[in-house]
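In order, the protein sequence lines correspond to chains A and B.
Counting from 32, one number per residue, gives the positions in the first sequence under the numbering used here.
Counting from 32, one number per residue, gives the positions in the second sequence under the numbering used here.
Heads up, the beta-carbon is just placed ideally off N, CA and C, and yes, glycines get one too.
As structure tokens, the structure follows; a few thoughts come after it.
Protein chains: 2
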Amino acid sequence: MNAQILPWDDLRIVLAIVRQESLAGAGRELGISHATVFRRLGALEARLGVWLFERQRTGYVPTLAGDDLATTAARVATDIDAVERRLVGQDARLSGTLRVTTTDTLLMGLLSDVFAGFQHEYPHIVLEVEVSNREYNLSHRDADIAIRPTKLPPETLVGRQVGQIAQAVYVHRHHLETSAWVGPDSHLGYPALERWMAHEGVEAKCRYRVDSMLGMLAGVRSGMGRGVLPCYLADREDSLMKVGESLAPLETPLWLLTHPDLRRTARVMAFFSYLSEVLSTRQACLKGEVSASKPTSPCDERQSSEHDGDGAES
Amino acid sequence: MNAQILPWDDLRIVLAIVRQESLAGAGRELGISHATVFRRLGALEARLGVWLFERQRTGYVPTLAGDDLATTAARVATDIDAVERRLVGQDARLSGTLRVTTTDTLLMGLLSDVFAGFQHEYPHIVLEVEVSNREYNLSHRDADIAIRPTKLPPETLVGRQVGQIAQAVYVHRHHLETSAWVGPDSHLGYPALERWMAHEGVEAKCRYRVDSMLGMLAGVRSGMGRGVLPCYLADREDSLMKVGESLAPLETPLWLLTHPDLRRTARVMAFFSYLSEVLSTRQACLKGEVSASKPTSPCDERQSSEHDGDGAES
DNA sequence: AGTGAGCTTTGCATGAATGCACAGATCCTG
DNA sequence: CAGGATCTGTGCATTCATGCAAAGCTCACT
């Protein structure tokens, strides 16, 4: 283009460096080589004749000029993310990329074959699955759809509840008598489980702490003690036995969520329909009412409710 | 970058097509090949799965989606132009590009050798001169500095008055008796001259009309009649003779103007200083008080005044 | 009706941008 | 103190975006 001093894409480079505080981190965020970030920043600073970052031992620290540029870039990013969502929301094709975020346990215990089925049904849609337990608002289109257990879906998102996740205490079949427990560490970030274990008075018997639910499964499978696990995950394991009934206090709704601007995107709608249909046949599995290895009984009446972000049915 | 659906630079492409209504026009505005514009738009529409333009015989017409995107792009352009100006305003180097806009007559009759002198003084600064009589606000950095005759500099710009441009009636030496006139046509857009000619009662004697002041000069030089010309332009022509004194009603201040964000840019400051100094030695030339071919007398006391956009001396 | 100007679209060659691999430096952990 | 992880910076090969040139179409003017 015109001997352009400030290519608009360079603003994304600067913003990413400010956010990540390093060239390497910015490269990861943008999906480009850190070498490219290095060169693009250097070329930009040369054209502007202004330093945007101080190079310190601890990383790249923005100057006042760098902050000024990053502030504009952040505002621009918000505007462009919004128009991109509106445009993608008009995409009527059943092709292209669909980014889905979910938890590691849901993926391993429930969704992997559902996704495979979706892929088979819609071969021209590319599913990109990001396993993450991080906060999500879907505004930056880092994901298009979130599948999450939550009692309070974010007000900014819309979607459907597609089931209730039951949890129960499980123990290894060869260690039925153990009184030891596997529990969550502080990193897991599961206050409801912590409260339940305190209420049951089993905190003191906790001999093994983990920072993920997959770690919890692995611990119980290894006979390290008994532990609370989602039924859809644990019932698949022949080596584990459920102790007692599902724990009502820990039952959590499972939500399928997207950004309001994307709800009319053809591939988002297709995904929602497919997942709702398939998951309606998995209600027993989610509720822990039947072994996952056994054929599921016919599904109940429609189970899902919808969430419009404002509480009103749409 | 990340398999990016909407590269930020693509917004500039879309905005330019909306503004110019053609790929060729957009390419010219952006300084890139129309083929590139064609490919970039096509690739963007393919990624979005949405038509941004209808291809009509009369050109590219934006769809609602295209308008939506262009609206965001215009807002983004405003933000990025502003931050670019602030950053360029901090550039302390006496190098890089400096874009200057001025009129054809000023360039031909006064400024060409002044610019050459500046270039010699500051060899690392690249002057890009755009000859234009168009409206200018310098917000988009299509020019950094404007040199213009005007009684009312735009409120949004800052600068200095560097002289008074005198105008007078000139006639070819071999046609001193002619009563015919060369005058402005409606395209020239010079209402003050039209009013003056009407007031003098010479409209009816107008036998040749032109749409530029260079055309006016050419006409008088060809003996087509007498005409009003800037003294700095006409006094250089040995073949022309001034008839009477300068015309006070048509005297116009000459301004050197820039955008407030750029006033501290080193090369802008250098340009202002250089031009002010050189033009102060050309006051007689501007006022039509001495032949341009004769050595100029020592300049008067400081003549220029400054304009801060808000009327206050800074 | 013919011609010229301007626009859109496409194939091919070129050069610039990018990624890869590597070297060197720094910091943190065992 | 040593080793591993991470980051910055650079040289080289590769990839891809771009410009150029050309073909074809449309419109306006003579």
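Host beta strand (DSSP E) of A:V131 (start-end): Looking up residue 131 of chain A in the first sequence gives position 100. A:V131 -> beta strand (DSSP E) spans G127 to T133.
query: What residue from A:E276, A:H290 and A:E268 has the CA that sits closest to A:G140's CA?
result: Here residue 140 of chain A corresponds to residue number 109 of the first sequence, with the count starting at 1. Selected option, being the one with the closest Cα: A:E268.
query: Where does B:W286 fall in DSSP's three states?
result: Taking the second sequence and counting its residues from 1, one reaches residue 286 of chain B at position 255. Look at B:W286 here: in three-state DSSP terms it is strand.
- request: Note down, in chain order, every chain A residue with its Cβ under 7 Å from the Cβ of B:P11.
  value: This structure cannot settle anything about residue 11 of chain B, because the visible part of chain B is limited to 32 through 345.
task: Taking only beta carbons into account, state which residues of the stretch 108 to 122 of chain B come closer than 8 Å to chain A, listed in chain order.
output: Listed by position along the chain: D110, I111, A113, V114, E115, R117, L118, V119, Q121 and D122.
- prompt: Going along the stretch 133 to 166 of chain B in order, which residues come within less than 7 Å of chain A, judged by CB to CB distance?
  reply: Residues: none.
- prompt: Hey, is the stretch 73 to 89 of chain B in contact with the stretch 111 to 124 of chain A, meaning 3+ C-beta pairs nearer than 8 Å?
  reply: Output reads yes: the stretch 111 to 124 of chain A touches the stretch 73 to 89 of chain B.
query: What residues of chain A sit near B:R294, judged by a beta carbon separation below 8 Å?
result: Within the second sequence, residue 294 of chain B is the residue found at index 263, counting from 1. Here the premise fails: no neighbours, minimum Cβ distance about 16 Å.
field: Other residues of its chain near B:G54: CB distance less than 6 Å, five sequence neighbours each side excluded
entry: Counting from one through the second sequence, the residue named residue 54 of chain B turns up at place 23. The sequence shown places Leu at residue 54 of chain B, rather than the Gly named in the question. H65, V68 and F69.
- prompt: What does DSSP give as the partner residues of B:E85 in its beta bridges?
  reply: Stepping through the second sequence from its first residue, residue 85 of chain B is reached at position 54. Bridge partners of B:E85: B:V92.
query: List, in order along the chain, the chain A residues whose C-beta lies closer than 8 Å to that of B:D99?
result: Along the second sequence, one-based indexing puts residue 99 of chain B at 68. Per Cβ cutoff of 8 Å: V114, R117 and L118.
- request: Could you spell out where the alpha helix (DSSP H) holding A:L37 opens and where it closes?
  value: If you number the first sequence from 1, residue 37 of chain A lands on position 6. Per DSSP, A:L37 belongs to no alpha helix (DSSP H) and is neither H nor E.
Start-to-end residues for the alpha helix (DSSP H) that takes in B:H151: Looking up residue 151 of chain B in the second sequence gives position 120. Unbroken alpha helix (DSSP H) run through B:H151: S143 to E152.
Same chain, Cβ closer than 8 Å to A:V213, five either side skipped, listed in chain order: Counting from 1 along the first sequence, the entry for residue 213 of chain A is found at position 182. Closer than 8 Å at Cβ, skipping near neighbours: C237, R238, Y239, R240, V241, M247, G250, V251, M255, G256, R257 and G258.
field: Chain-order list of residues whose beta-carbon lies under 6 Å from that of A:P180 (same chain, five-residue window excluded)
entry: Within the first sequence, residue 180 of chain A is the residue found at index 149, counting from 1. For A:P180, where only same-chain residues beyond five positions count, the Cβ hits under 6 Å are I196, T283 and L285.
message: Pairs of beta-carbons, one from the stretch 107 to 119 of chain A and one from the stretch 87 to 101 of chain B, closer than 8 Å: are there three or more?
response: By the criterion of at least three beta-carbon pairs nearer than 8 Å, the stretch 107 to 119 of chain A is in contact with the stretch 87 to 101 of chain B.
- request: Taking 8 Å as the cut-off, decide whether the C-beta atoms of A:L138 and A:V162 are in contact.
  value: Mapped onto the first sequence, residue 138 of chain A falls at position 107. Mapped onto the first sequence, residue 162 of chain A falls at position 131. Against a cut-off of 8 Å, the Cβ pair of A:V162 and A:L138 comes out as a contact.
- request: Leaving aside the five residues before and after B:H338 along the sequence, list all residues of the same chain whose C-beta is less than 8 Å from its C-beta, in chain order.
  value: The residue you call residue 338 of chain B lines up with position 307 of the second sequence. Taken in chain order, the residues that qualify are P184, L188, V189, G190, R191, Q192, W286 and L288.
field: Proximal residues to B:S324 (C-beta, below 6 Å), its chain only, five neighbours per side dropped
entry: Taking the second sequence and counting its residues from 1, the one referred to as residue 324 of chain B is at position 293. Residue placement at B:S324 cannot be trusted, given a pLDDT of 47 that sits under 50; what the coordinates show is reported in the next sentence. Closer than 6 Å at Cβ, skipping near neighbours: no residue.
- prompt: Is the beta carbon of A:F69 within less than 7 Å of some heavy atom of the ligand MG?
  reply: With respect to the ligand MG, the structure offers nothing, as it holds no ligand at all.
query: Whose C-alpha, out of B:D41, B:A108 and B:S304, is nearest the C-alpha of B:R172?
result: As a working note, residue 172 of chain B is residue 141 in the second sequence. When each option's Cα is compared against that of B:R172, the closest is B:A108.
field: Assigned exposure category for B:L46 - 16 Cβ within 10 Å defines buried
entry: The residue given as residue 46 of chain B occupies position 15 in the second sequence. Burial of B:L46 is indicated by the presence of at least 16 other C-beta atoms within 10 angstroms of its C-beta.
query: Does any residue of chain B bring its CB to less than 8 Å from the CB of A:L129?
result: Taking the first residue of the first sequence as position 1, residue 129 of chain A is located at position 98. The beta-carbon of A:L129 is placed no less than 8 Å from the nearest beta-carbon of chain B.
task: Would you check if the distance between the CB atom of B:T136 and the CB atom of B:P261 is smaller than 8 Å?
output: Translated into the one-based positions of the second sequence, residue 136 of chain B becomes position 105. Translated into the one-based positions of the second sequence, residue 261 of chain B becomes position 230. It is a contact, given that the beta carbons lie within the stated cut-off.
message: Quick check on DSSP: helix, strand or coil for A:R240?
response: The sequence position of residue 240 of chain A within the first sequence is 209, counting from 1. In the displayed model, A:R240 falls within a strand according to three-state DSSP.
task: Would you list the residues sitting across from A:R257 in a DSSP beta bridge?
output: The residue given as residue 257 of chain A occupies position 226 in the first sequence. Answer is A:W212.
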